[in-house]
């Protein structure tokens, strides 16, 4: 079974990392659309165009199941992707919210994500389906802080404090009593420890990456299968940078990254 | 005279703003490649491909002179652009450094810019031509902080303090005595006041946007010409966002932004 994992950049490697732990017997093909990242502040039309070309590429590489590890693409382009390929497609938002629905007792949930994800209200919509009420908050500085490597850094702590205080205030105004916080961006698990230290002990922090890996492994009945699968990596920009920054997200060294030009792919002039 | 102004996004509007003040009689056509921004952390090949398609588009729109208002594109793609179009092309790096060469007495200069600009060492190379020694420092968090609107904000002040302290230490280790600081990214002029308050009074802060506008107006003998020119705006992503965020950089409201798809342009299938 070959599983395609797609993200605009490196964050989706946290999903692949969780998948490699949960289902090490499968084969994986990862694509980071690094030449066009970030998707987080772009329009639905642009994100859908980029995500569809990326999904098609992964299917061309033999993927029989697609994991959209990018929250923004899951929020803005899941239907467009499902309409463009014939293999099953799973997005991080439905799995993250599904996990929240399983643990929340107050049925009130907080979500932190990129601007585009929050503006789409995809998390709120998915929460409604599960009978949850949601408060969403855009945290646009967290991705650049993680990419700067400022994980355990006073500036990041201060930015988190500001965002989480604003989120709490939003919940108070809306009259919600949230007991669950969904990390709605694949960069955020790198700040999980800092975030957990800053929210009350009663608040459960949910990492969509882990939730997605569990769901994929369960759906495909890959749990418990042993064996050593393979992982291929593709990026649309510098493979050198992909190796350097990607390793931080995957938790191990990446080698053998291949460069792909999806703009050429789009018109069929494949290199 | 129709002048094309190109940037990956909104920052170049600070150059257009300065041009509209210095040379209000000219006509302007601005392109923000917002669907593929930011360029600041991407490879030379990718930046050159994007910048060349953008420059060609501006020439198709009638531009007789191109101002590359994007520091990253000026650093990585100026030769590629000059090879691809027949009109004169001016980049912000040569004008910023030219201005520094005119004011620096110690002949030692500091430059703050994006990661890609710093890694290209384009500023250091341009400084060498003018007999200046340069210390360059990547400040990747400043663009997202400006875009978050955190201009007069304690977090931004702390980030600036960290970056400027590291820069000063770099200069000390290199044995330099800089009296000039070049703002090597068109987002940074929005933080000029904060930066000026943080560096010694003896350090002159140079805004490439202003320097470029002066040079363009001088070169084209547009200075002192009166009259009311026109300004057209194109963006490759959401025109709504371009209007909203762009106004902050241009200093006035923007209307009549047109959407353009440069990926289609590239293969000739123009909409």
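Residue numbers (the working numbering), protein chains in the order written: chain A, -15 to 255; chain B, -15 to 255. Ideal Cβ positions, reconstructed from N, Cα and C, are used throughout, including at glycine. Keep in mind it's a predicted model, so treat the numbers as computed, not measured.
Cβ atoms of residue 76 (chain A) and residue 47 (chain A) stay farther apart than 8 Å, at about 16 Å. Contact check between the stretch 58 to 65 of chain B and the stretch 23 to 39 of chain B: three or more CB pairs, one atom from each, fall below 8 Å, which counts as touching.
Per DSSP, the unbroken alpha helix (DSSP H) holding residue -1 (chain A) starts and ends at -3 to 6. Proximity of residue 79 (chain B) to chain A, defined by a Cβ-Cβ separation below 8 Å, is not satisfied. By the 16-neighbour rule on beta-carbons within 10 angstroms, residue 7 (chain A) is buried. Between residue -3 (chain B) and residue 31 (chain B), the C-beta gap is not smaller than 8 Å, which leaves the two residues out of contact.
If you look at residue -10 (chain A), you'll find it in the beta strand (DSSP E) that goes -14 to -9. Annotated as distal: residue 87 (chain A) and residue 227 (chain A), with beta-carbon spacing of 8 Å or more. Not flagged as an interface residue toward chain B: residue 181 (chain A), since no C-beta distance is shorter than 8 Å. The Cβ atoms of residue 1 (chain B) and residue 234 (chain B) sit closer than 8 Å to each other.
For residue 40 (chain A), no CB of chain B lies under 8 Å from its own CB, so it is not counted at the interface with that chain.
Distances from the CA of residue 238 (chain A) to each of A:248, A:-6 and A:118 were compared; the closest alpha carbon is that of A:-6. Not a single C-beta of chain A is nearer than 8 Å to the C-beta of residue 89 (chain B). A direct Cα-to-Cα measurement between residue -15 (chain A) and residue 10 (chain A) gives close to 6 Å.
Taking the CA atoms as reference points, residue 175 (chain A) sits about 36 Å from residue 118 (chain B).
At least one C-beta of chain B is nearer than 8 Å to the C-beta of residue 221 (chain A).
Annotation: the continuous beta strand (DSSP E) that includes residue 94 (chain A) extends over 92 to 97. When the alpha-carbon of residue 45 (chain B) is set against those of B:217, B:18 and B:231, the nearest one is in B:217.
By alpha-carbon distance to residue 39 (chain B), the top candidate from B:26, B:24 and B:58 is B:58.
Under the three-state reduction of DSSP, residue 63 (chain B) is assigned to helix. Going by C-alpha positions, residue 89 (chain B) is about 17 Å away from residue 110 (chain B). Within chain A, no residue has its CB atom less than 7 Å from the CB of residue 101 (chain B), the nearest being about 15 Å off.
As summarised for the stretch 115 to 147 of chain B, the continuous alpha helix (DSSP H) elements at least 4 residues long and confined to that stretch are 126 to 131, given in chain order.
The beta carbon of residue 164 (chain A) sits no closer than 8 Å to any beta carbon of chain B. In the three-state scheme derived from DSSP, where H, G and I count as helix and E and B as strand, residue 216 (chain A) is classed as strand.
For the stretch 17 to 33 of chain A, residues whose beta-carbon sits nearer than 7 Å to a beta-carbon of chain B comprise 19, 20, 26, 27 and 30. Closest by C-alpha distance to residue 185 (chain B), out of B:162, B:97 and B:68, is B:162. With a cutoff of 8 Å on beta-carbon distance, residue 56 (chain A) and residue 24 (chain A) are scored as near each other. About 6 Å separates the Cβ atoms of residue 53 (chain B) and residue -10 (chain B), confirming a contact at the 8 Å cut-off. Interface annotation, residue 15 (chain A): not in contact with chain B, CB-CB separation never under 8 Å. Residue 156 (chain B) is classed as exposed because its beta carbon has fewer than 16 other beta carbons within 10 Å across all chains shown.
Using a 10 angstroms sphere on the CB of residue 100 (chain A), the tally of other CB atoms reaches 16 or more, which defines it as buried.
A distance of 8 Å or more separates the beta carbons of residue 80 (chain B) and residue 139 (chain B).
For the pair residue 232 (chain A) and residue 22 (chain B), the Cα-to-Cα distance works out to about 21 Å. With its beta carbon at least 8 Å from every one in chain A, residue 136 (chain B) lies outside the interface.
Of all residues in the stretch 139 to 155 of chain B, only 139, 142, 143 and 146 place a beta-carbon less than 9 Å from a beta-carbon of chain A.
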